[in-house]
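Asks:
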DNA sequence: CTTGGACTTGAGCAACTGATCAAGTTAAAA
DNA sequence: TTTTAACTTGATCAGTTGCTCAAGTCCAAG
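Protein chains in written order, with the working numbering: chain B, 1 to 193; chain W, 1001 to 1193.
(1) Quick one, are the C-beta atoms of residue 148/B and residue 168/B less than 9 Å apart?
(2) Given 8 Å as the limit, is there contact between the region 27-46 of chain B and the region 1122-1135 of chain W, that is, 3 or more CB pairs closer than that?
(3) Residues in the same chain with beta-carbon distance under 6 Å from residue 74/B, minus the five sequence neighbours each way, listed in chain order, please.
(4) Which two residues bound the contiguous alpha helix (DSSP H) that contains residue 125/B?
(5) Taking the alpha carbon of residue 966/W as the reference point, which residue from 1165/W, 1181/W, 1108/W has its own alpha carbon closest?
(6) If we cut at 9 Å on Cβ distances, does residue 136/B have a partner in chain W?
(7) Start and end of the alpha helix (DSSP H) containing residue 87/B?
(8) Which of helix, strand or coil does DSSP assign to residue 66/B?
(9) Whose Cβ in chain B lies nearer than 7 Å to the Cβ of residue 1142/W?
(10) In terms of alpha-carbon separation, which member of 105/B, 103/B, 66/B, 62/B lies closest to residue 86/B?
(11) Out of 1071/W, 1025/W, 1072/W, point me to the one whose CA is closest to residue 1053/W's CA.
(12) Would you say residue 1175/W lies against chain B (beta-carbon separation less than 9 Å)?
(13) Which residues, taken in chain order from the region 88-117 of chain B, show a beta carbon closer than 9 Å to some beta carbon of chain W?
(14) Could one say the Cβ of residue 1012/W lies closer than 9 Å to chain B's Cβ atoms, at least one of them?
(15) Any residues in the region 119-133 of chain B with a beta carbon nearer than 9 Å to a beta carbon of chain W? Which ones, in chain order?
(16) Span of the alpha helix (DSSP H) holding residue 1178/W?
(17) To the nearest angstrom, how far is the alpha carbon of residue 49/B from that of residue 42/B?
Structural data, given as structure tokens:
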């Protein structure tokens, strides 16, 4: 029937994600978004409803992107733990991934938002829980493949890796010391060898 | 000569710190501050100059408070490493300390602020560097006292502890799972026994 | 007392915020 | 060609922001 949308939804969400990730939710004005995405306010609000709803979509996009990257890293390495480590290194150092910010977008979301944006907070919390679950499944697989002692509690190992990953990404943002981060990555995986 | 200030500067800074720490820099309006501190805008600006300058003072206050708590914990424990661990536990679980937020205020500052507030970012970065240095000095003392192997690099150990501490505080905020955090605290100190 | 200057007050400014909507544009369907 | 509805545009709104400043209040010194 009518006129067809001139923008590519996925591309718009990706660009919005990069801006939100770098600048944070509050520091990103709707006008910043309009420029980054090359759309006028009316179109954005017709397509996404609100700034908050758009942010929610960028969070989902972020999760999807990260999950995809992890699968990719696991596929390239014969050993599960090496795949996980490769994923950590990519997220920390690959400029194309860090395009947004060294700090995890989910952690940034939890850090800056209060109860007024409960929906966004819950989305981020849920995504972090799911990531932990994903890590623990990989640890279980590693155990089944004999890469890792059966004695270890997969959940506990997964939590430990996630905590260190979160810490490392924040630390890297603060110091920019890549060598130190690589050393600490060794230390994080050392108990698993 | 004239009228004397009716407010207690330290108390004002402390209240402002709690609010900034909880809500973040941008989410805290000058009107929020006025209410929390019970001062009118003119007085606040006469005393501190700007929102940014007041935030800078609360950062210094935060550092001082944390440094003081660490000394206190070290004084109570005969072994240095136990003192450090007690400090971690206090910061993570003591409601009086966590009054602001589970997440470290310095990390929150780095996370939410961009280049427009370069002064605040640098202040936070510097404070984190100094904390790492402090940790490494404590590790060195522990080594001299025979609590810890001389083989270990104090800087590396200090960095590792800081990274895990940052990660744990973020993780606790996200999940609220105190038991898991205690377990992970054990894991963080395990390589040092 | 009187006085003078440190301190307090709160109305209000200019800039910016997220969001709206009537008017305009587009292209597939009739 | 006409119709129609999805889509775009940008001026504009009401609310909020950080901050100012003239007017007022207070109290120690003279």
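For glycine and all other residues, C-beta sits at the position ideal for the given N, C-alpha and C.
Replies: According to the structure data:
(1) no
(2) no
(3) 83
(4) 118-144
(5) This structure cannot speak to residue 966/W, because chain W is shown only from 1001 to 1193.
(6) no
(7) 80-93
(8) helix
(9) What residue 1142/W touches in chain B: nothing, since even the nearest Cβ is about 17 Å away.
(10) 66/B
(11) 1025/W
(12) yes
(13) 101, 103, 104, 106, 107, 108, 110, 111, 112, 113, 114, 116
(14) no
(15) 124, 125, 128, 129, 132
(16) 1178-1189
(17) 10 Å
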